[in-house]
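Counting from 1, one number per residue, gives the positions in the sequence shown under full-length UniProt numbering.
Think of the CB as a built atom: it goes at the ideal place given N, C-alpha and C, for glycine as much as any other residue.
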Amino acid sequence: MTHMTERLLDTENEAMAKIVELEKQLMQTNKELDTIRDVYASANNQVHTLRRIVREKDQTIRRQSRLERHAQEGGGGTLVVQGGGTLHPARGEGDGGVGDLSSTSLTLGMTLSPSPETVGYGLSGAGLGMMPAPPPPPPPPPMPGMPGNSEC
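#1: With a cut-off of 8 Å, do at least 3 Cβ pairs link the segment 31 to 48 to the segment 131 to 145?
#2: State the Cα-Cα distance for the pair Val39 and Leu22, rounded to the nearest angstrom.
#3: Taking the straight line between their C-alpha atoms, what separation do you get for Lys24 and Ser42?
#4: For Gln28 and Arg51, what's the separation of their Cα atoms in angstroms?
#5: Could you tell me the alpha carbon to alpha carbon distance between Arg66 and Val54, rounded to whole angstroms?
#6: Could you check the C-alpha separation between Ile61 and Arg69 for me, to the nearest Å?
#7: For Ala43, which three-state DSSP category applies?
#8: Cα separation between residue 165 and Lys18?
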């Protein structure tokens with residue numbers, strides 16, 4: 001009977017040790033999952049921001065193309081930039097605000113200051129100035145204990 005009791009206690013101790021080990025692994029896995037979720041949320045936010053920036057730049061390019069096409073077709077008057085950063089026909093003197101429609105030049109009265117999201121692209125006094133986008137940020141370092149990581 002004592003031999004059976006000893007075996008039962010040994011088995012119980014082994015089971016408890018296994019439970020403790022599994023709980024440690026679970027806690028570590030949960031920490032890694034939280035880290036992965038944070039990285040995913042950050043990456044998702046960056047993607048959303050970049051998509052918005054690309055959409056804004058595309059709209060700016062399309063708008064500029066329309067203005068240039070309109071000017072080339074001879075239908076555009078002189079355009080000036082108003083305080084809000086929009087282009088409006090220049091007002092002629094004594095014509096009730098109608099610009100000189102025979103002119104096809106595009107005049108920008110001021111330099112536009114781009115929003116923080118679109119720095120590197122913007123209109124200047126000479127037209128649309130395109131600068132290359134900054135390089136993407138480096139990838140995050142590998143997480144300890146992840147597959148493919150040689151630190152384990």
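Quick answer:
#1: Segments in contact, yes.
#2: 25 Å
#3: 27 Å
#4: 34 Å
#5: 18 Å
#6: 12 Å
#7: helix
#8: One cannot answer for residue 165 here, as it falls past the ends of the chain, which runs 1 to 152.
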